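A short worksheet on the structure shown next.
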Amino acid sequence: MLTEPLFFVVLLLVLLPVGLYFVSREQQKELHRFEAKLRDVTTGMLHKMELAVGAQNQKLADHAEFKLDSTADRLNQTLEVLRSAIEHQARQQERIAERLSNLESMFAAAR
Numbered sequence: 062m063l064t065e066p067l068f069f070v071v072l073l074l075v076l077l078p079v080g081l082y083f084v085s086r087e088q089q090k091e092l093h094r095f096e097a098k099l100r101d102v103t104t105g106m107l108h109k110m111e112l113a114v115g116a117q118n119q120k121l122a123d124h125a126e127f128k129l130d131s132t133a134d135r136l137n138q139t140l141e142v143l144r145s146a147i148e149h150q151a152r153q154q155e156r157i158a159e160r161l162s163n164l165e166s167m168f169a170a171a172r
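Counting the sequence shown from 1 gives a position; the numbering used here is that position plus 61.
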């Protein structure tokens, strides 16, 4: 009579670790599948973020290039205006010098 419950206790003591081993093995497999899915999702999100950051950087670079181009155009226009003003000033100075020379020669002739 005592052997029958003892048999079940021994059987339980033997089968419990084996059952736990298989259960933990299934849990490990499930954990590995979950880790793989998580890795795939994380990699996908990182890739999307890299693309978004790259697009934003390109947009910023394009905007900066546009600003530089427009600033360069305005500087070229300003330089052209200054060049024209300097040439005009030089022509006026030449005329003034010519008139002064004429006045000096007229004054010298009048003496």
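We put the CB at the ideal spot given by N, CA and C, even for glycine.
Treat the numbers as computed from the prediction; the structure is a model and nothing was measured.
Going by DSSP in three states, residue i sits in which element: helix, strand or coil?
{"i": "R160", "result": "helix"}
{"i": "R172", "result": "coil"}
Using the Cα positions of residue i and residue j, report the straight-line distance between them to the nearest angstrom.
{"i": "A125", "j": "Q119", "result": "10 Å"}
{"i": "E155", "j": "Q117", "result": "56 Å"}
{"i": "L81", "j": "H93", "result": "18 Å"}
{"i": "S145", "j": "K128", "result": "26 Å"}
{"i": "V71", "j": "E96", "result": "37 Å"}
{"i": "H108", "j": "L136", "result": "41 Å"}
{"i": "T173", "j": "K98", "result": "For the chain, the structure presents residues 62 to 172; residue 173 sits outside this window and is missing."}
{"i": "D101", "j": "M110", "result": "14 Å"}
Below 7 Å, is the gap between the Cβ of residue i and the nearest heavy atom of the ligand ADP?
{"i": "T132", "result": "The ligand ADP is not among the ligands present in this structure, which contains no ligands whatsoever."}
Within the segment 107-160, ranges of the alpha helix (DSSP H) (whole runs, at least 4 residues):
none
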